[in-house]
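Numbering (UniProt numbering), first residue to last: 1 to 66.
As structure tokens, the structure follows; a few thoughts come after it.
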């Protein structure tokens with residue numbers, strides 16, 4: 001996985017890095033595919049952050065533990 005994909009999805013790139021990655025994304029099919037896979041990551045992280053904590057010590061649902 002290209003490091004820039006996760007950083008781009010999470011919104012942690014500065015303006016220059018963001019623009020450079022978008023130019024790269026225009027021509028890189030692998031990063032385009034990875035971007036599709038990670039597109040829901042910020043929403044999933046928000047759900048985890050806002051979910052009530054489990055006092056039972058259960059593992060997170062499989063869909064969240066990838």
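Idealized CB from N, CA, C, for every residue including glycine.
Quantities reported herein were computed from a predicted structural model and do not represent experimental measurements.
- Excluding residues up to 5 positions away in sequence, 6, 9, 10 lie with their Cβ nearer than 8 angstroms to the Cβ of residue 41 in the same chain.
- Rounded to the nearest whole angstrom, the C-alpha separation of residue 26 and residue 52 is 39 angstroms.
- Taking a 10 Å sphere around the C-beta of residue 34, we find 16 or more other C-beta atoms and assign the residue as buried.
- In the DSSP assignment, residue 12 falls outside any alpha helix (DSSP H), carrying neither H nor E.
- For residue 40, the three-state secondary structure derived from DSSP is coil.
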